[in-house]
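Residue numbers (this note's numbering): 66 to 362.
Just so you know, even glycine gets a beta-carbon here, dropped at the ideal spot from N, CA and C.
Every value quoted in this text rests on a predicted model; they were computed, and no experiment measured them.
Written out below as structure tokens is the structure these notes cover.
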């Protein structure tokens, strides 16, 4: 029996499609497996930290080590807040205020700066951007002596304001460069259309450009918050009052020369990363919204 030509053609077309679908499905499973392995590698230290915070110090130091706590000690999280030498509630509040106020100050300055440098070819523009980048190479510890002299002269030494200014100054350059790149990627025609519709420069920036650079703002925000949250050296020198010090400095008080309360170190570290994780979870929605907002009418 002879098979019609049109039937054999359909059968031949289905076969490659089936093979392509199988390869695509296999490729998807392979990528998923790689993603799971990489996630496990990166999350394993955090899991060890969380489990360590629920162990006794003796069990943490036991050899051979135990992976799961033999005796659970959730009271570690309650006990660490009541240590008289380290006022952890004040330290947590201090960390939150310094980090988020410094981040807000950075964004207030970096957004107009990034927009202006991306849209205006002023004399010395390349030199200015180069100098901004050079400041990223400096660390607060290099300038800490001069900073303390300035803070004493201004009467703000050992205050939150001092650390807010330090963190904002040393994270501003990165935020300016990130936002400059995002603003430069926006087609000029979009802003010209907004100007023709009657908007001024500030209205164009706020209503047209900012929705388009939300991914850049999110990137700068996460970087600055994490950098301020983890700042240690400058905080150790500038803030001398225990109540004003952030968690990064308070954590070291549980580490001694001959003895270390590892259960509290792990517990404080676990508590310390929770606000950053929550921030990222909240900002991620803005990131997705920013990718689809601000299109031309």
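Contact check for residue 116 and residue 133: beta-carbon distance about 7 Å, within the 8 Å limit, so the pair qualifies. Within the same chain, and ignoring the five residues on either side of residue 318 in sequence, the residues whose Cβ sits closer than 7 Å to its Cβ are 150 and 151. The beta carbon of residue 231 sits closer than 7 Å to the beta carbons of 205, 212, 299 and 303 from its chain, once the five residues preceding and following it are set aside; these are given in chain order. Residue 242 is classed as buried because its beta carbon has at least 16 other beta carbons within 10 Å across all chains shown. Note that the segment 190-207 does not touch the segment 270-284; fewer than 3 beta-carbon pairs, one per stretch, sit closer than 8 Å.
Within the DSSP bridge table, the entry for residue 99 names no partner. For the pair residue 183 and residue 233, the CB atoms are not nearer than the 8 Å cut-off.
In terms of Cβ geometry, residue 297 and residue 239 do not form a close pair [threshold 8 Å]. By the Cβ criterion, the segment 115-131 is in contact with the segment 321-330, since at least three pairs of Cβ atoms, one from each stretch, lie closer than 8 Å. Annotation: residue 101 to residue 125 spans about 28 Å, alpha carbon to alpha carbon.
Residue 85 counts as exposed, since fewer than 16 other C-beta atoms from the protein chains shown sit within 10 angstroms of its C-beta. DSSP places residue 141 inside the alpha helix (DSSP H), whose first and last residues are 141-144. Distance from the Cα of residue 228 is smallest, within the candidate group 245, 247 and 301, for 301. In this structure, the CA atom of residue 337 is about 12 Å from the CA atom of residue 111. By alpha-carbon distance to residue 347, the top candidate from 177, 332, 286 and 164 is 286.
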